[in-house]
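**Student:**
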Amino acid sequence: MTATPEAAEVLGSDPASMVRGRPGLEGCAHTFRKEGGLARTAPRVPEVSAVAGDESGRGGKGPEDLTARGLCAPGNPGGGDLWPSTLTPHSVRTLKLQECHMPDALPMTSSVHPPPSEQPLLTGMSRSQNCFGYPLSIFFIVVNEFCERFSYYGMRALLILYFRRFIGWDDNLSTAIYHTFVALCYLTPILGALIADSWLGKFKTIVYLSIVYTIGQVVTAISSIHDLTDANHDGTPDNMAVHVALSMIGLALIALGTGGIKPCVSAFGGDQFEEGQEKQRNRFFSIFYLAINAGSLLSTIITPILRVQECGIHSKQACYPLAFGVPAALMAVSLIVFVIGSGMYKKVKPQGNIMAKVARCIGFAIKNKFRHQGFKCGGREHWLDWAREKYDERLISQIKMVMRVMFLYIPLPMFWALFDQQGSRWTLQATAMSGKIGGIELQPDQMQTVNAILIVIMVPIVDAVVYPLIAKCGINFTSLRKMTVGMFLASMAFVVAAIVQLEIDKTLPVFPQANQVQVKVLNIGNQNMMVYFPGHAVNVSQMGHTKSYMTFDADKLNINISGIGQSVTTPVVSNFEKGQRHTLLVWDSNKYQVVNDGLNKKPDKGENGIRFVNKFEQTISLTMAGKDYNITSHNASEYQFFPYGSKSITVTSAGFPESCRTFKSPYLQFGSAYTYVLKAETNGCPGVEPFEDIAPNSINMALQIPQYFLLTCGEVVFSVTGLEFSYSQAPSNMKSVLQAGWLLTVAVGNIIVLIVAGAGQFSEQWAEYILFAALLLVVCIIFAIMARFYTYVNPEETEAQFDEEEKKKKNLDGGNLDSSSPGDVNLDNVKQTKM
Numbered sequence: 006m007t008a009t010p011e012a013a014e015v016l017g018s019d020p021a022s023m024v025r026g027r028p029g030l031e032g033c034a035h036t037f038r039k040e041g042g043l044a045r046t047a048p049r050v051p052e053v054s055a056v057a058g059d060e061s062g063r064g065g066k067g068p069e070d071l072t073a074r075g076l077c078a079p080g081n082p083g084g085g086d087l088w089p090s091t092l093t094p095h096s097v098r099t100l101k102l103q104e105c106h107m108p109d110a111l112p113m114t115s116s117v118h119p120p121p122s123e124q125p126l127l128t129g130m131s132r133s134q135n136c137f138g139y140p141l142s143i144f145f146i147v148v149n150e151f152c153e154r155f156s157y158y159g160m161r162a163l164l165i166l167y168f169r170r171f172i173g174w175d176d177n178l179s180t181a182i183y184h185t186f187v188a189l190c191y192l193t194p195i196l197g198a199l200i201a202d203s204w205l206g207k208f209k210t211i212v213y214l215s216i217v218y219t220i221g222q223v224v225t226a227i228s229s230i231h232d233l234t235d236a237n238h239d240g241t242p243d244n245m246a247v248h249v250a251l252s253m254i255g256l257a258l259i260a261l262g263t264g265g266i267k268p269c270v271s272a273f274g275g276d277q278f279e280e281g282q283e284k285q286r287n288r289f290f291s292i293f294y295l296a297i298n299a300g301s302l303l304s305t306i307i308t309p310i311l312r313v314q315e316c317g318i319h320s321k322q323a324c325y326p327l328a329f330g331v332p333a334a335l336m337a338v339s340l341i342v343f344v345i346g347s348g349m350y351k352k353v354k355p356q357g358n359i360m361a362k363v364a365r366c367i368g369f370a371i372k373n374k375f376r377h378q379g380f381k382c383g384g385r386e387h388w389l390d391w392a393r394e395k396y397d398e399r400l401i402s403q404i405k406m407v408m409r410v411m412f413l414y415i416p417l418p419m420f421w422a423l424f425d426q427q428g429s430r431w432t433l434q435a436t437a438m439s440g441k442i443g444g445i446e447l448q449p450d451q452m453q454t455v456n457a458i459l460i461v462i463m464v465p466i467v468d469a470v471v472y473p474l475i476a477k478c479g480i481n482f483t484s485l486r487k488m489t490v491g492m493f494l495a496s497m498a499f500v501v502a503a504i505v506q507l508e509i510d511k512t513l514p515v516f517p518q519a520n521q522v523q524v525k526v527l528n529i530g531n532q533n534m535m536v537y538f539p540g541h542a543v544n545v546s547q548m549g550h551t552k553s554y555m556t557f558d559a560d561k562l563n564i565n566i567s568g569i570g571q572s573v574t575t576p577v578v579s580n581f582e583k584g585q586r587h588t589l590l591v592w593d594s595n596k597y598q599v600v601n602d603g604l605n606k607k608p609d610k611g612e613n614g615i616r617f618v619n620k621f622e623q624t625i626s627l628t629m630a631g632k633d634y635n636i637t638s639h640n641a642s643e644y645q646f647f648p649y650g651s652k653s654i655t656v657t658s659a660g661f662p663e664s665c666r667t668f669k670s671p672y673l674q675f676g677s678a679y680t681y682v683l684k685a686e687t688n689g690c691p692g693v694e695p696f697e698d699i700a701p702n703s704i705n706m707a708l709q710i711p712q713y714f715l716l717t718c719g720e721v722v723f724s725v726t727g728l729e730f731s732y733s734q735a736p737s738n739m740k741s742v743l744q745a746g747w748l749l750t751v752a753v754g755n756i757i758v759l760i761v762a763g764a765g766q767f768s769e770q771w772a773e774y775i776l777f778a779a780l781l782l783v784v785c786i787i788f789a790i791m792a793r794f795y796t797y798v799n800p801e802e803t804e805a806q807f808d809e810e811e812k813k814k815k816n817l818d819g820g821n822l823d824s825s826s827p828g829d830v831n832l833d834n835v836k837q838t839k840m
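With the numbering used here applied, the sequence shown has no gaps in its numbers, which climb one by one up to 840 at the end.
1) The beta strand (DSSP E) with residue 160 in it runs from where to where?
2) Which residues does DSSP list as the beta-bridge partners of residue 646?
3) Is residue 634 helix, strand or coil when you go by DSSP?
4) Can you give me the C-alpha to C-alpha distance between residue 578 and residue 638, rounded to a whole angstrom?
5) Run through DSSP, which three-state label would residue 231 get?
6) Output needed for residue 157: all residues of its chain with C-beta closer than 6 Å, excluding positions within five of it in sequence on either side, in chain order.
7) Going by other Cβ atoms of all chains shown within 10 Å of its Cβ, with 16 needed for buried, is residue 394 buried or exposed?
8) Taking 9 Å as the threshold (C-beta atoms), are residue 784 and residue 184 in contact?
9) Is it true that the CB of residue 182 sits closer than 9 Å to the CB of residue 875?
10) What did DSSP end up calling residue 434 once you bin it into helix, strand or coil?
11) Kindly indicate the opening and closing residues of the beta strand (DSSP E) around residue 626.
12) Helix, strand or coil: which one does DSSP assign to residue 139?
13) Name the two residues that bound the continuous beta strand (DSSP E) containing residue 698.
14) Could you tell me whether the Cβ atoms of residue 228 and residue 249 are closer together than 9 Å?
15) Between which two residues does the alpha helix (DSSP H) holding residue 763 run?
16) Could you check the C-alpha separation between residue 690 and residue 619 for me, to the nearest Å?
17) So what does DSSP say about residue 672, is it helix, strand or coil?
18) Using only alpha-carbon positions, find the residue among 154, 513, 190 and 304 that is nearest to residue 703.
19) Tell me, please, which residues DSSP counts as bridged to residue 521.
20) Considering just the uninterrupted stretch of the alpha helix (DSSP H) at residue 372, what are its terminal residues?
21) Let me confirm a value: residue 224 is counted as buried when at least 16 other C-beta atoms fall within 10 Å, else exposed. Which label applies?
22) Helix, strand or coil for residue 538? Go by DSSP, reduced to three states.
23) Could you tell me whether any non-hydrogen atom of the ligand GDP is closer than 8 Å to the CB of residue 444?
24) Rounded to the nearest angstrom, what separates residue 315 and residue 152 at their Cα positions?
25) Helix or strand or just coil, what does DSSP make of residue 96?
26) Going by beta carbon distance, what residues of the same chain come within less than 7 Å of residue 145, once the five residues before and after it are set aside?
27) Among residues of its own chain, excluding the 5 on either side of residue 665, which ones have a beta-carbon nearer than 6 Å to its beta-carbon?
28) Taking the beta strand (DSSP E) that residue 317 falls in, what are its first and last residues?
29) Could you spell out the range, first to last residue, of the alpha helix (DSSP H) harbouring residue 511?
30) Can you tell me whether residue 399 is helix, strand or coil according to DSSP?
31) By a C-beta neighbour count over all protein chains shown, 10 Å radius and 16 as the cutoff for buried, is residue 242 buried or exposed?
32) Can you give the Cα-Cα distance for residue 245 and residue 221, rounded to whole angstroms?
33) Out of curiosity, what's the CA-to-CA distance linking residue 713 and residue 430?
34) Exposed or buried, what is residue 807 when buried is set at 16 or more other beta-carbons lying within 10 Å of its beta-carbon?
35) Can you list, in chain order, the residues of its chain with a C-beta nearer than 7 Å to that of residue 642? Leave out the 5 residues immediately preceding and following it.
36) Note down the Cα distance separating residue 659 from residue 305, rounded to an integer number of angstroms.
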């Protein structure tokens, strides 16, 4: 969904339990090795930063120390048990990551405790109070995460329609601003990780940035109050610039807050457990991801419902303040709950961040190379070797492995460019569709939940059925091949979206060009009428109308009317405004009224335009769902807009029985416009005769399900596999660096969308969908070629070679050292496999 990545693990010890990963959180800190296309677990090494490492780039002092701290599972001497011990590469898919957009699972900060000799200073309780064997502090962390995810996804679900309908931006600008916000949400986790590990620590980072986050949510909610600047009480803000400014400030604060705390919360939860509590820690992460999933899924369903409620002080409008206010309140609750547990937390002092060390090493290598060689090639085998003067060979080798994976990341942003349009272009597409499915009325922004629901269904099926069947067919379905297939499926999803858009376009009304006028005839009299247009005549029966608007050249239009069988015609004298629709009201052979409709586009808020025509000899006053009309005799009112459903109409004018002045309108659907002709029923009660001016949305939102299905299939085989592959190809202490790179691909993908949308070069939306599909297809081919020449490595074997060489070096006497040094480790000697 947009839901983009969150998690929920199937509890228990079943190895088929899976963790589903999305950008930035997927991939619990495990290292996986691929053999013949099948995955098996390698030792699970906890994510670490410079907290547990030294300048050599090692992730700690060794497995013995980690075991002493209770972080290594029995029989697993190579790594920690920071994540559930039952997780396998297949189990990585059960954690349901609800949105592919936030780093909710894999900590970018360290949650690993150093060995006793290097134990960092702790604040808070030395040992958390326990409840049923769990630290009591984790209750506050889980509730905090549930509320925060509800807050973020509830707000984000509304965002594109808020831009489009409240602020009034067009589709392109709304899409560009939406993706700018999402891109910022994917860039700020890197900043949050650096702040937590290098300055404030995880606890203070979470608290301070949560305050920023809460302020941002409140400011965004305030920006959506239309009465804030509605001085004349007409229901329209008088100073939209104030609302825009408040919105942008609020969203900037939210992006900083939500992104900044994400790499800290899960890691901080892991910090709360003591040695001997590996099982409880594993179960905590399962509960933690369930809270993430529940919060994000529920909010995406609930907040659109709050949005369609009507509220306001002076006029009733779509209730964006309530829809944004509830997420703001949940964020405040999240902060309060987290602070309440402050005295129970174990707080590890910040000790540095591996990403900063990697950046310094790369920067030194580049600087050193240009100092000695300039732009000349050669000199050393690899450009990173120019860092040898200052940095350890082990660290340089680890960075080389990371850079090999990062190179494969170059084409990946295009996938995210398509994927994240679920919350923008696809939601806007849904606004032109009918949300009535059976007895349910879906809102356009609720369609984003389809992705979340499909993930829950598909992840187990793909893992337990599809992959085993492929393996039985003898196909070596490696990680990079899965990612290639995922790109292709996402490309096909946009082809389907283009087809759906073409079907929608067929149902859209055609409005007049600048030099044209459109005319529709409505006969409110008691006799049939003939209406003569240039080139043809139309017979309009009593209480009848022409079924559609007729288009004419404005400079050549002349109209005459007469009764049936009459030879005398009456010319229609009126100044038809160019580029507008008009309704010709006739009720006698020489009596007419030309009305400028004033409606030059299809209602785009899912609402319905309603106007009344008064065929009585007296002025009629009435109210419809709280909105007032006052219509003079034989004239028409202006359109007013209402949401779907049947509305109450009350005639307030005298002359009608008190008992029947209130009646129900016909049921309104989505995106229609009607003319209601007021008439007297046979019993003397008032009534209306509806005439359709613009047809309601007829393409059902259910037709979007195939494109969501294809995109979700692509996500399952791309996102989960991408992090799985990345972590299997990099050293254990470089996971946070890879996560930062992965998040960067998501941010760049959103930047691509905002560039395309901002350019606004396509007059037809289906053409833009085809463009994105074609671009991803080309990128898919490029990625397949890159993957074909990629050689899989096992970082653990490389690390083992370094350890062996260093051990030999220590055991040798004097200067009689082995001819090979740690820097001579050759990756070609490590077991490798091709794509």
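Every residue gets a Cβ at the ideal spot worked out from N, C-alpha and C, and that includes glycine.
**Tutor:** So, to answer that:
1) Looking up residue 160 in the sequence shown gives position 155. Here residue 160 belongs to no beta strand (DSSP E); instead the alpha helix (DSSP H) covers 142-166.
2) Working through the sequence shown from its first residue, we reach residue 646 at position 641. Paired residues: 614.
3) If you number the sequence shown from 1, residue 634 lands on position 629. Three-state DSSP puts residue 634 in a strand.
4) Counting from one through the sequence shown, the residue named residue 578 turns up at place 573. Counting from one through the sequence shown, the residue named residue 638 turns up at place 633. Computed Cα separation, rounded: 19 Å.
5) Mapped onto the sequence shown, residue 231 falls at position 226. In this structure, residue 231 counts as helix in the three-state DSSP scheme.
6) Position 152 of the sequence shown, counting from 1, holds the residue named residue 157. Excluding residues within five positions, the ones whose Cβ falls inside 6 Å are 263.
7) Here residue 394 is taken as the residue at index 389 of the sequence shown, counted from 1. Exposed, by the Cβ-count rule.
8) Within the sequence shown, residue 184 is the residue found at index 179, counting from 1. Within the sequence shown, residue 784 is the residue found at index 779, counting from 1. Result no, Cβ atoms of residue 184 and residue 784 do not sit closer than 9 Å.
9) Beyond the ends of the chain as shown, which are 6 and 840, falls residue 875; an answer cannot be given.
10) Numbered from 1 along the sequence shown, position 429 holds the residue referred to as residue 434. Three-state result, residue 434: helix.
11) Start at 1 with the first residue of the sequence shown, and residue 626 comes out as number 621. Unbroken beta strand (DSSP E) run through residue 626: 625-629.
12) On the sequence shown, residue 139 is found 134 positions in, with the first residue counted as 1. Reduced to three states, the DSSP call for residue 139 is strand.
13) Stepping through the sequence shown from its first residue, residue 698 is reached at position 693. Element bounds for residue 698: 691-699.
14) Residue 228 sits at position 223 when you count from the first residue of the sequence shown. Residue 249 sits at position 244 when you count from the first residue of the sequence shown. Yes. Within cutoff.
15) In the sequence shown, counting from the first residue as 1, residue 763 sits at position 758. Residue 763 -> alpha helix (DSSP H) spans 740-764.
16) The residue you call residue 690 lines up with position 685 of the sequence shown. The residue you call residue 619 lines up with position 614 of the sequence shown. Approximately 15 Å, taken between the alpha carbons.
17) Position 667 of the sequence shown holds residue 672. The answer is coil: DSSP assigns residue 672 none of H, G, I, E or B.
18) One-based indexing of the sequence shown puts residue 703 at position 698. Cα-wise, what sits closest to residue 703 is 513.
19) By one-based count along the sequence shown, residue 521 stands at place 516. According to DSSP, residue 521 bridges with 558.
20) Numbered from its first residue, the sequence shown carries residue 372 at position 367. Unbroken alpha helix (DSSP H) run through residue 372: 359-377.
21) In the sequence shown, counting from the first residue as 1, residue 224 sits at position 219. Result: buried.
22) Here residue 538 refers to the residue found at position 533 when the sequence shown is read from its first residue. Strand, per DSSP.
23) The ligand GDP is absent from the structure shown, which contains no ligand whatsoever.
24) Here residue 315 refers to the residue found at position 310 of the sequence shown. Here residue 152 refers to the residue found at position 147 of the sequence shown. Cα-Cα distance, rounded: 25 Å.
25) As a working mapping, residue 96 is identified with position 91 in the sequence shown. Note that residue 96 has pLDDT 36, beneath the 50 cutoff, so the model's placement of it is unreliable and no number is given.
26) For the purposes of this step, residue 145 is taken as residue 140 along the sequence shown, with counting starting at 1. These residues qualify, in order along the chain: 342, 343, 345 and 346.
27) Here the question's residue 665 lines up with position 660 in the sequence shown. Cβ neighbours of residue 665 beyond the five flanking positions: 690.
28) Working through the sequence shown from its first residue, we reach residue 317 at position 312. Careful: residue 317 lies outside any beta strand (DSSP E) and carries neither H nor E.
29) For the purposes of this step, residue 511 is identified with residue 506 of the sequence shown, where counting begins at 1. Run containing residue 511: 484-512, per the alpha helix (DSSP H) assignment.
30) Within the sequence shown, residue 399 is the residue found at index 394, counting from 1. Correct three-state label for residue 399: helix.
31) Residue mapping note: residue 242 aligns to position 237 of the sequence shown, counting from 1. Around the CB of residue 242, 16 or more other CB atoms lie within 10 Å, so the residue is classed as buried.
32) To locate residue 245, count along the sequence shown from 1; it is residue 240. To locate residue 221, count along the sequence shown from 1; it is residue 216. Between residue 245 and residue 221, the C-alpha separation is close to 19 Å.
33) Here residue 713 refers to the residue found at position 708 when the sequence shown is read from its first residue. Here residue 430 refers to the residue found at position 425 when the sequence shown is read from its first residue. Whole-angstrom Cα-Cα distance: 13 Å.
34) Position 802 of the sequence shown, counting from 1, holds the residue named residue 807. So residue 807 ends up on the buried side.
35) Position 637 of the sequence shown, counted from the first residue, corresponds to residue 642. Cβ neighbours of residue 642 beyond the five flanking positions: 616, 617, 634 and 636.
36) Locating residue 659 in the sequence shown gives position 654, where the first residue counts as 1. Locating residue 305 in the sequence shown gives position 300, where the first residue counts as 1. Taking the straight line joining both Cα atoms gives about 48 Å.
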